[in-house]
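First residue of the sequence shown: 309, per the working numbering; consecutive thereafter. From the three backbone atoms N, C-alpha and C, an ideal C-beta is built for every residue, glycine too. Being a predicted model, the structure only gives us computed values, none of them experimental.
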Amino acid sequence: PPFLYLGYVGLSMAFSFAVAALIEGRVDAAWARWVRPWTLAAWVFLTIGIALGSWWAYYELGWGGFWFWDPVENASFMPWLLAAALLHSAIVVEKREALKSWTILLAIMAFGFSLIGTFIVRSGVITSVHSFANDPERGVFILAILAVFIGGALTLFAARASEMTAKGVFAPLSREGALVLNNVLLAVSAFVVFIGTIWPLVAEMVWGRVLSVGPPFFNQAFTPFMIVLAIALPIGSLMPWKRAMLARSLRPLRGPLILSAAIMMLVFAVSTGHSALAVIGAGLGSWLIFGALADLWLRTGSSGASRLLRLPRADWGKAVAHSGLGVTFVAVSLIQAWQVEDVRVAQIDQPFAVGSYDLVLRDVRRADGPNYLAQKAVIEASRDGSPVATLSPEKRVYPVQGMPTTEAAIDYGLWRDLYVVLGDEQPGGGWAVRTYIKPFANWIWAGCLMMAIGGLISLTDRRYRVAAG
309 PPFLYLGYVG LSMAFSFAVA ALIEGRVDAA WARWVRPWTL AAWVFLTIGI ALGSWWAYYE
369 LGWGGFWFWD PVENASFMPW LLAAALLHSA IVVEKREALK SWTILLAIMA FGFSLIGTFI
429 VRSGVITSVH SFANDPERGV FILAILAVFI GGALTLFAAR ASEMTAKGVF APLSREGALV
489 LNNVLLAVSA FVVFIGTIWP LVAEMVWGRV LSVGPPFFNQ AFTPFMIVLA IALPIGSLMP
549 WKRAMLARSL RPLRGPLILS AAIMMLVFAV STGHSALAVI GAGLGSWLIF GALADLWLRT
609 GSSGASRLLR LPRADWGKAV AHSGLGVTFV AVSLIQAWQV EDVRVAQIDQ PFAVGSYDLV
669 LRDVRRADGP NYLAQKAVIE ASRDGSPVAT LSPEKRVYPV QGMPTTEAAI DYGLWRDLYV
729 VLGDEQPGGG WAVRTYIKPF ANWIWAGCLM MAIGGLISLT DRRYRVAAG
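Structure below.
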């Protein structure tokens, strides 16, 4: 929560710059240069907060997942998407003095979705496993703040947007055109997430129907935009400003394309099922990573490796952040496609196999804490006769809150996590045990960390520390 709060407050700075620009009727390269570091800092904090929330859900809730498209998860994800769009749009304003009105609108909407997220989390209108400190009266105040600030800013935008005249012109096939495509994909993705999040509330208020919008909707509606974004991102990064030729822009990407195709074939060769998710995700993630490296190398020009360390830190930050997105793409697709799940009633001292591992439930005993009652299991895991780990999952009940919780036991690894959850004792004897083998799970948060580090590297760029230009 502190990191998400810093991200929300950081976006209020971009909102303030946008309103100031509307009042003065002036948006130029200097304005964009001031907005970008504040937006970048907010985006970094949101990235860290979302990653920590995902990791918390993974190890604490005991359901074995890292993302459930929960309303509170979506509440922070929507501003993150719009902040990413705002970052890229501000580049066009700084370099070419175009997309001024659109950039102003993005700054307003990014902060607006921060307030919407706060309303969803704090008002209690939508139930969530993440929500806390719910207060309907507080929700009314947040709604009033949302109406005054965002309503006032949008009214001002309607009155003054016509004065934000663009000076730079560009062809659709150009760096500016690629950034416009990036903006459209990110903004529409945020809108899709917003519709899926708010639709149950609208359906209940308008039609009196109680319904839920779950992961199947988001996966089918959101994923196509991310696929197009992943394909276009390396190409757009290499396009020149104003006008580009597609064939010339694709020429430096032949190597990344060959390497990505090789990784796709490797993943296809080791896939045991028929799901295309692993192959496509690994290919797109590799394309992002190798494309970012190719972009970095191309910027060295004829100097080659000797100029790499002298490149602006913003270039390094962009390469690290885009590579982090690629790592996350690879990890999410592989964990979804290759995960092994086993649910059974385990008897004491009777071994059972899950994938290539053999597990034995040795004991379940009371292990009460200072404010909870708990049942704690001891499960031994081995592979090919060699001990791997001793896992101790728990089932806890907090009597004061009347809240049961599950403490998963996880054997973390670079290539896979062995994830065990203890269920209820069964009437016929034995205990319900859920076991997962999750490949590349930790790579998800490693990719998020790379994105945040990339943003921090960009923040140290000299242009943000010296009032140049």
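Whether residue i touches residue j by CB criterion (8 angstroms)
i, j, result
"phenylalanine 385", "isoleucine 424", "no"
"arginine 468", "glycine 544", "no"
"phenylalanine 427", "leucine 319", "no"
"tyrosine 720", "glutamate 649", "no"
"arginine 674", "glutamine 683", "yes"
"proline 707", "leucine 681", "yes"
"isoleucine 718", "tyrosine 367", "yes"
"methionine 711", "serine 631", "no"
"serine 641", "glycine 589", "yes"
"phenylalanine 421", "alanine 322", "no"
"threonine 347", "leucine 395", "yes"
Unbroken alpha helix (DSSP H) run spanning residue i, endpoints
i, result
"threonine 473", "No alpha helix (DSSP H) contains threonine 473, which DSSP labels as neither H nor E."
"valine 651", "Here valine 651 belongs to no alpha helix (DSSP H); instead the beta strand (DSSP E) covers 648-654."
"aspartate 603", "585-606"
"tryptophan 549", "Careful: tryptophan 549 lies outside any alpha helix (DSSP H) and carries neither H nor E."
"phenylalanine 660", "Phenylalanine 660 -> not in any alpha helix (DSSP H); beta strand (DSSP E) instead, spanning 660-662."
"tyrosine 366", "337-368"
Reference residue i, options the options, closest by Cα
i, options, result
"valine 536", "Pro564, Leu567, Leu546, Val496", "Val496"
"arginine 724", "Trp751, Thr713, Ser766", "Trp751"
"alanine 627", "Leu596, Gly459, Val662", "Leu596"
"valine 635", "Gly738, Ala749, Gly710", "Ala749"
"threonine 608", "Leu546, Leu493, Gly632", "Leu546"
"arginine 704", "Ser690, Ser694, Asn679, Leu722", "Asn679"
"glycine 736", "Arg562, Ser694, Asp676, Val653", "Val653"
"valine 668", "Ala511, Asp657, Phe576, Leu565", "Asp657"
"alanine 474", "Arg446, Glu402, Ile539", "Glu402"
Neighbourhood of residue i by C-beta, 8 angstroms cutoff - its chain only, sequence neighbours within 5 removed
i, result
"leucine 462", "Ile416"
"serine 397", "Leu407, Trp410, Thr411, Leu414, Leu487, Asn491"
"leucine 619", "Leu604, Arg607, Thr608"
"tryptophan 339", "Phe325, Ala329, Val401"
"leucine 451", "Phe427, Ser431"
Endpoints, the beta strand (DSSP E) within which residue i is located
i, result
"valine 696", "694-699"
"methionine 711", "711-715"
"arginine 404", "Segment 379-404 is the alpha helix (DSSP H) holding arginine 404; no beta strand (DSSP E) there."
"alanine 689", "681-691"
"threonine 768", "That residue, threonine 768, is in no beta strand (DSSP E); it is neither H nor E in DSSP."
"proline 747", "739-747"
"leucine 730", "724-733"
"leucine 312", "Here leucine 312 belongs to no beta strand (DSSP E); instead the alpha helix (DSSP H) covers 310-332."
"valine 705", "702-706"
Distance between beta carbons of residue j and residue i, contact taken as under 8 angstroms
i, j, result
"arginine 559", "alanine 479", "Incorrect: roughly 19 angstroms between the Cβ atoms, too far for contact."
"valine 651", "serine 594", "In fact, because the Cβ distance is near 33 angstroms, the residues do not count as touching under 8 angstroms."
"proline 523", "tryptophan 624", "About 35 angstroms separates the two Cβ atoms, so there is no contact after all."
"leucine 730", "alanine 697", "Actually they do not touch by this definition, with Cβ atoms about 15 angstroms apart."
"glycine 471", "glycine 333", "Note on residue identity: the sequence assigns glutamate, not glycine, to residue 471. Correct: roughly 4 angstroms between the Cβ atoms."
"valine 518", "glutamate 512", "6 angstroms"
"alanine 602", "leucine 633", "No, alanine 602 and leucine 633 are not in contact; Cβ-Cβ is about 15 angstroms, not under 8 angstroms."
"phenylalanine 374", "serine 362", "5 angstroms"
Close Cβ partners of residue i (< 6 angstroms) along its chain, the five nearest in sequence each way excluded
i, result
"isoleucine 356", "Phe311, Ala760"
"glycine 777", "For glycine 777, the pLDDT reaches just 46, beneath the cut-off of 50, and the residue's location in the model is therefore unreliable, leaving the point undetermined."
"glycine 370", "Thr714, Ala716, Val729"
"glutamine 655", "Gly738"
"tyrosine 316", "Ser422"
Cβ neighbours of residue i in the same chain (closer than 7 angstroms, five flanking residues each side left out)
i, result
"tryptophan 646", "Ala586, Pro747"
"threonine 768", "Arg621"
"alanine 754", "Val635"
"leucine 493", "Phe533, Val536, Leu537"
"glutamine 644", "Leu585"
"arginine 404", "Gly476, Phe478, Glu484, Trp549"
"aspartate 336", "Glu405"
"serine 700", "Lys684, Ala685, Val686, Ala717"
"alanine 661", "none"
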